[in-house]
Amino acid sequence: MNGVLIIDKPGGMTSHDVVNRVRHTVGQRAVGHLGTLDPSATGVLPLVLGNLTRLAQFYTASEKDYEGMIRFGYSTDTYDAEGEATSPKVDVQVSLEELKVRIRRFRGDIEQMPPPFSAKKIQGVPAYKLARKQKNVPLKSVAVHVKSLEICSVEGACARFTASVGSGTYMRSIAHDLGQEMGCGAHLESLRRTRVAEFGIDDSHRLEELEPVAKQEALEELFVHPRKLLPHLPGVTANDESAAKIRNGRAVNLPELSKAKLVKVFYGQRELICIATRVAGTLFQPKIVLAEPAPQLLFRG
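Counting from 973, one number per residue, gives the positions in the sequence shown under the working numbering.
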């Protein structure tokens, strides 16, 4: 079973928990995700199944959209509501006008320190494993891009926000750092991811929907239509001869896409059989083959 399935991840589950649940539901091991969500976060978690797990390399730098809430008054060791307080709890009334000014420095290309409780590797060991053992976590700041960050409303000590960020950006760190900027401490109270690359919350399905659909052997009806994948790449439909060559990793001529560097090749309306790269002129070589090899015919004289 090959496809892309968008799950609306519930709170309290890790991304790996979701992957394992879907593996059990569909009865196959080849299931992966396109970007981790913290256990407490909810929202868009794209899963790739079967041969389409090979598409993961094209989504490593995907832009993501979020909405959530920041609570001011104290910071935590995890930078979210799951952690232990690391500063005295104080009563605060934050101002929408002040936050709109303070938030400006967190837009654009910024240097950000990842949370100590994160998956960042330190000499091959995830930072959260060191933090749990109360060991020193010598993290380094990283360059990230925040395309947009808006404070939508304020109520008491909480502020609602929306954000669109580049890969590797931690919303927990933005919440923590904004609290330091305000001088009262803060942490991420809640977070919901509403988009990853071309996949939005409207494309998602709850885990509870999967089992009855899978029992009816109709799970593919929930998959994202293959023609919607990687929309920035041009697509072409291969004929029988070209499709057979591609399935066996051989180069083909695609004259209708002579100017493209990277293309999607389909067989029929729904089968994405490869991502191909232009070698020269109209000659394209499969970069990754997503279809099963064509059967080899034996001729006997």
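Backbone N, C-alpha and C define an ideal beta-carbon position, used for all residues, glycine too.
Keep in mind it's a predicted model, so treat the numbers as computed, not measured.
Test item: CB-CB of residue i and residue j under 8 Å
i: serine 1162; j: isoleucine 979; result: no
i: proline 1206; j: valine 1251; result: no
i: alanine 1248; j: glutamine 1257; result: yes
i: asparagine 1225; j: threonine 1254; result: yes
i: histidine 1148; j: serine 1047; result: yes
i: valine 1118; j: isoleucine 1082; result: yes
i: lysine 998; j: leucine 1024; result: Note that residue 998 is valine in the sequence shown here, rather than lysine. In this structure, leucine 1024 does not lie closer than 8 Å to valine 998 by Cβ.
i: proline 1018; j: valine 976; result: yes
i: leucine 1160; j: aspartate 1052; result: yes
i: glycine 1040; j: phenylalanine 1133; result: yes
i: valine 1114; j: leucine 1071; result: no
i: alanine 1135; j: tyrosine 1038; result: yes
i: arginine 1079; j: glutamate 1153; result: no
i: serine 1120; j: alanine 1033; result: no
C-alpha gap between residue i and residue j, whole angstroms
i: aspartate 1010; j: serine 987; result: 7 Å
i: alanine 1169; j: tyrosine 1031; result: 7 Å
i: valine 1003; j: histidine 996; result: 10 Å
i: lysine 1233; j: valine 1208; result: 13 Å
i: arginine 1165; j: serine 1145; result: 16 Å
i: arginine 1077; j: valine 1016; result: 27 Å
i: valine 1261; j: alanine 1131; result: 47 Å
i: leucine 1150; j: cysteine 1156; result: 9 Å
i: valine 1116; j: tyrosine 1142; result: 9 Å
i: asparagine 1211; j: isoleucine 1245; result: 12 Å
i: aspartate 1063; j: glutamine 1188; result: 54 Å
i: arginine 1222; j: tyrosine 1239; result: 15 Å
i: glutamate 1054; j: glutamate 1122; result: 24 Å
i: methionine 973; j: glutamine 1065; result: 53 Å
i: leucine 1179; j: arginine 1043; result: 29 Å
i: lysine 981; j: alanine 1013; result: 8 Å
i: glutamate 1183; j: glutamine 1000; result: 14 Å
i: leucine 1202; j: isoleucine 1173; result: 17 Å
i: lysine 1112; j: alanine 1215; result: 47 Å
i: threonine 1284; j: glutamine 1084; result: This structure cannot settle anything about residue 1284, because the visible part of the chain is limited to 973 through 1273.
i: aspartate 989; j: glycine 1007; result: 13 Å
i: phenylalanine 1271; j: isoleucine 1218; result: For phenylalanine 1271, the predicted model reports a pLDDT of 35, less than 50, meaning its position is unreliable; a value from the coordinates is still stated below. Taking the straight line joining both Cα atoms gives about 21 Å.
i: lysine 963; j: arginine 1167; result: Residue coverage of the chain in this structure runs from 973 to 1273, which leaves residue 963 outside it and unanswerable.
i: histidine 1005; j: arginine 993; result: 12 Å
i: glutamate 1243; j: alanine 1263; result: 8 Å
i: glutamate 1193; j: glutamine 1029; result: 25 Å
i: cysteine 1124; j: glutamate 1056; result: 27 Å
Continuous beta strand (DSSP E) stretch holding residue i: start and end
i: threonine 1048; result: Counting along the chain, threonine 1048 falls outside any beta strand (DSSP E), and DSSP gives it neither H nor E.
i: alanine 1115; result: 1114-1127
i: glutamine 1241; result: Run containing glutamine 1241: none; DSSP gives neither H nor E here.
i: lysine 1233; result: Element bounds for lysine 1233: n/a, residue is neither H nor E.
i: phenylalanine 1078; result: Element bounds for phenylalanine 1078: n/a, residue is neither H nor E.
i: glycine 975; result: 975-981
i: proline 1258; result: 1255-1261
Residue i burial status per 10 Å Cβ neighbour count (16 or more: buried)
i: proline 1086; result: buried
i: alanine 1158; result: buried
i: valine 1237; result: buried
i: alanine 1190; result: exposed
i: histidine 1204; result: exposed
i: glycine 984; result: exposed
i: lysine 1231; result: exposed
i: proline 1265; result: exposed
i: proline 1227; result: exposed
i: leucine 1027; result: buried
i: glycine 1273; result: Residue placement at glycine 1273 cannot be trusted, given a pLDDT of 35 that sits under 50; what the coordinates show is reported in the next sentence. With fewer than 16 Cβ atoms within 10 Å of its Cβ, glycine 1273 is classed as exposed.
i: proline 1060; result: exposed
i: lysine 1200; result: exposed
i: leucine 1068; result: exposed
i: lysine 1045; result: Per the sequence presented here, residue 1045 reads as glycine, with lysine not at that position. Its Cβ being crowded by 16 or more others within 10 Å, glycine 1045 is buried.
Extent of the continuous alpha helix (DSSP H) to which residue i belongs
i: leucine 1071; result: 1068-1074
C-beta neighbour in chain C for residue i, strict 8 Å
i: arginine 1165; result: The structure shown contains no chain C; it is built from a single protein chain.
Any non-hydrogen atom of the ligand MN within 7 Å of residue i CB
i: arginine 1026; result: Of ligands this structure carries none, so the ligand MN is not represented either.
task: Could you name each continuous alpha helix (DSSP H) segment of 4 residues or more that falls completely within the region 1131-1213, going from the start of the chain to the end?
output: You should have 1143-1154 and 1179-1187.
- prompt: What are the start and end residues of each continuous beta strand (DSSP E) run of 3 or more residues lying completely inside the region 991-1066, in chain order?
  reply: If one requires a minimum length of 3 residues, the beta strand (DSSP E) runs lying completely within the region 991-1066 are 1003-1005, 1014-1021 and 1036-1044, in chain order.
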